[in-house]
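Notes for the one structure printed next.
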Amino acid sequence: MSQKRTLLLIVLLGAALRFWGMDYGLPHLYQTEEYKTIHFALKMGTGDLNPHFFEHPSLYMYFMAFLYGCLYLLGWLLGIYQNTQDFAVAFVRDPTAIYLLSRGVEAFWGLGTVLVGYRIAERVYGVKAARWAAIWLATAPFLVLPSQFVKGIAPTQFLLSVYLYGCIRIAQEGRPRDTLWSGLVLGAACSVRYLAAPMVVLLPWAHWRFSRRKESLRRKPWAWPHLWKGLLLVPITFFLGTPYALLDGTSFLRDLKEAAGPWIPQEAAWGDYGRLAFSLIALPVWKYHAAWMGAWGLFSLGRQVLSRHWAAGLWGIPCLLYYVLVAWAHPFHAGYLFPLYPLLVLAGAGQMGEWTQRPRGRLRKTALLFGILTVLGNLTVCALMSYELSQPDTRTLSKEWIEKNIPPETKILIGNYVNSPPLLKTKDQLEGLHREAVRRESYKKEYLRFQVLAHPGAGHGYELYEIAVDPRSLGTSPYWASQAHRMRNSISIAGGLRDLRRAGIRYVVLNSYDQRGALSGEDPSLGRFYRQVEKEWKLVKAWTPGSWTLGSWTPGPTIWIYRVP
Numbered sequence: 418m419s420q421k422r423t424l425l426l427i428v429l430l431g432a433a434l435r436f437w438g439m440d441y442g443l444p445h446l447y448q449t450e451e452y453k454t455i456h457f458a459l460k461m462g463t464g465d466l467n468p469h470f471f472e473h474p475s476l477y478m479y480f481m482a483f484l485y486g487c488l489y490l491l492g493w494l495l496g497i498y499q500n501t502q503d504f505a506v507a508f509v510r511d512p513t514a515i516y517l518l519s520r521g522v523e524a525f526w527g528l529g530t531v532l533v534g535y536r537i538a539e540r541v542y543g544v545k546a547a548r549w550a551a552i553w554l555a556t557a558p559f560l561v562l563p564s565q566f567v568k569g570i571a572p573t574q575f576l577l578s579v580y581l582y583g584c585i586r587i588a589q590e591g592r593p594r595d596t597l598w599s600g601l602v603l604g605a606a607c608s609v610r611y612l613a614a615p616m617v618v619l620l621p622w623a624h625w626r627f628s629r630r631k632e633s634l635r636r637k638p639w640a641w642p643h644l645w646k647g648l649l650l651v652p653i654t655f656f657l658g659t660p661y662a663l664l665d666g667t668s669f670l671r672d673l674k675e676a677a678g679p680w681i682p683q684e685a686a687w688g689d690y691g692r693l694a695f696s697l698i699a700l701p702v703w704k705y706h707a708a709w710m711g712a713w714g715l716f717s718l719g720r721q722v723l724s725r726h727w728a729a730g731l732w733g734i735p736c737l738l739y740y741v742l743v744a745w746a747h748p749f750h751a752g753y754l755f756p757l758y759p760l761l762v763l764a765g766a767g768q769m770g771e772w773t774q775r776p777r778g779r780l781r782k783t784a785l786l787f788g789i790l791t792v793l794g795n796l797t798v799c800a801l802m803s804y805e806l807s808q809p810d811t812r813t814l815s816k817e818w819i820e821k822n823i824p825p826e827t828k829i830l831i832g833n834y835v836n837s838p839p840l841l842k843t844k845d846q847l848e849g850l851h852r853e854a855v856r857r858e859s860y861k862k863e864y865l866r867f868q869v870l871a872h873p874g875a876g877h878g879y880e881l882y883e884i885a886v887d888p889r890s891l892g893t894s895p896y897w898a899s900q901a902h903r904m905r906n907s908i909s910i911a912g913g914l915r916d917l918r919r920a921g922i923r924y925v926v927l928n929s930y931d932q933r934g935a936l937s938g939e940d941p942s943l944g945r946f947y948r949q950v951e952k953e954w955k956l957v958k959a960w961t962p963g964s965w966t967l968g969s970w971t972p973g974p975t976i977w978i979y980r981v982p
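So, in structure tokens, the structure goes:
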């Protein structure tokens, strides 16, 4: 089979894995990271291009806003929408079209990484390694799953792959134009996710590699062709993609400080290299069930370092840098290592290419068997994960039961809204929230207005209240968590059952995601409340999720419905 046909089949396989299960949860929204990107991009349709939100940079929001503008224009030409308000109300009623478009675009970024990765491996190691790189990049679970949700990870990995290809060309040929567009691409990647920034170390490394071929450049790093211009283009492109980082510097610095919070030294963070050792283990066995891919990448990198392969620095320097950064992160999260996943796959493909092109022998057969088993393992895990995503979530199932068995306008207490059944609020409650949002000049005022316009009217929805918690415990920027918390109807459970009865609460809907945080958190009243409910209250209905590892296929948290005694 020709090289192009082989690559086409691999890309089609990668597309099938990424598009299967892409409708997860819809029309309900269970991914908070998606909400941030999509909703802030839609807000730009009002004409205000300042996102007022810098937990993530803005370039990807502008890109998505452009796509939504094209979708609106198409709907307007077809007579579906008369104006932008019709478009916004249609989104609030059913966001499926917007989310499928957004997730589809994310998947294409992932497929772009497959194509660029093929070219990188071909240039560094040869055709055999390139084929292994493509099939692994197309099927690796820790690359497939991020391509199914709008989190900015897939486009960042694609841009970093293009940047990596540019660094390779610099190291081999030293052409100034490669330095310039590499700086542009890295700046764009940083303007999608901040975590791309440490990759800047590869630009001087590439020039250093090329300088070793020219005696006149070896001892004059300041004379390396266009290096300084390339480095300068990184922040310039970043600010072009996130212009309000300068125009609204106060908000940018506020959110950037909170986004950088995990890396600010605190409580023996400095020198805690046990975390570094843990992160080395965490990548191969991270939750996407591909231990063999991460372990093989690290093994291959080690062999290339020992053999002094010229590309060892290409993979090894970023790995060392990111591992040290993650070791200092509080709380630790292996997801911060996402820029490294393609690099480790490429390093592993290089080793596989070397062993599989040897003359027939035991090593070659073993390598081929390992390669085939990894692909089969990847396909199995990705298929099971995608199938699970295609099944109804426990929150969806519990919502359907509540709407059939509990009368509308009943007062219900829930946990964190995104972890709970996506029940509709009453129109009166939404109107009250909208008035409060207008009074506070909240960023949610427009969205609440559209929710009121989209509401079916009296006799629909429930009077929902959330359990009051410290906004700092919600796992996101404290500032934005507090802003969102102000636009919620919350009830403190410190007074226990008495306060709930006074508020007229008839049912309490709890979930295992919030329960874990409550039982292990710093608020003792929350822990007592969850334990008391479990022991003393009457359980009306429960839904338990499953996992392919347990032979069940229902995603989501465990949901419990209790009647207030």
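Numbering (this note's numbering), first residue to last: 418 to 982. Where a beta carbon is used, it is the ideal one built from N, C-alpha and C, also for glycine.
Alpha-carbon to alpha-carbon, residue j and residue i
i	j	result
LEU917	VAL981	8 Å
HIS851	TYR979	29 Å
GLY733	LEU476	29 Å
ALA871	GLN499	15 Å
ARG540	SER628	19 Å
TRP625	LEU644	10 Å
VAL743	ALA676	14 Å
TYR882	ILE823	16 Å
GLN420	LEU426	10 Å
GLN932	TYR947	7 Å
LYS842	GLY788	52 Å
GLY486	THR530	26 Å
THR971	LEU443	15 Å
ILE497	GLN565	28 Å
LEU780	TYR580	34 Å
LEU429	ILE653	36 Å
THR423	ASP845	59 Å
VAL567	ALA458	12 Å
TRP493	GLY462	14 Å
LEU495	LEU488	11 Å
LEU943	LEU936	7 Å
PHE471	ARG919	40 Å
ASP665	LYS453	19 Å
GLU451	VAL522	13 Å
TYR804	ALA482	30 Å
TYR516	ASP440	8 Å
TRP745	GLY778	45 Å
SER859	HIS469	11 Å
VAL722	ALA800	35 Å
CB-CB length for residue i against residue j, believed under 8 Å
i	j	result
TYR879	LEU840	5 Å
LEU576	VAL602	6 Å
LEU650	LEU737	LEU650 to LEU737, Cβ: 25 Å. No contact.
GLY973	ARG812	5 Å
7 Å Cβ cutoff met for residue i and residue j
i	j	result
SER668	PRO474	no
ALA764	SER724	no
ILE884	GLY963	no
LEU814	TRP960	yes
VAL957	LEU830	no
ILE922	LYS828	yes
ILE587	SER519	no
GLY569	ARG610	yes
LEU806	GLY438	yes
Member of the options whose CA lies at the smallest distance from the CA of residue i
i	options	result
LEU796	ALA555, THR449, TYR447 and GLY534	ALA555
TYR834	SER929, LYS545 and GLN574	SER929
ALA712	LEU760, GLY431, ASP810 and PRO962	LEU760
ALA557	ILE585, SER599 and GLY714	GLY714
ASP503	GLU817, GLN868 and TYR447	GLN868
ALA911	ARG520, ARG856, TRP727 and ARG945	ARG945
LYS821	HIS877, GLY647 and ARG671	HIS877
VAL533	VAL762, TYR753, SER807 and GLY462	VAL762
ALA766	ALA729, GLY778 and SER937	ALA729
ASN836	GLY438, ASP440, THR449 and MET439	THR449
TRP709	TYR447, ARG856 and TRP553	TRP553
ALA614	LEU648, LEU731 and LYS674	LEU648
TYR739	THR791, ILE819 and LEU619	LEU619
LEU731	PRO809, TRP818, ALA538 and ARG671	ALA538
LYS782	VAL792, MET769 and GLY794	MET769
Heavy atom of the ligand PLP within 6 Å of residue i beta-carbon
i	result
LYS955	Ligands are entirely absent from the displayed structure, and the ligand PLP is therefore not among its contents.
State whether the segment 532-552 contacts the segment 434-450, with contact taken as three or more CB pairs (one from each stretch) at a distance under 8 Å. no
With contact counted as at least three CB pairs below 8 Å, one residue from each stretch, are the segment 566-584 and the segment 521-532 in contact? yes
Any contact of the segment 615-625 with the segment 580-593, i.e. 3+ C-beta pairs under 8 Å? yes
Three or more C-beta pairs below 8 Å linking the segment 861-876 and the segment 494-513: yes
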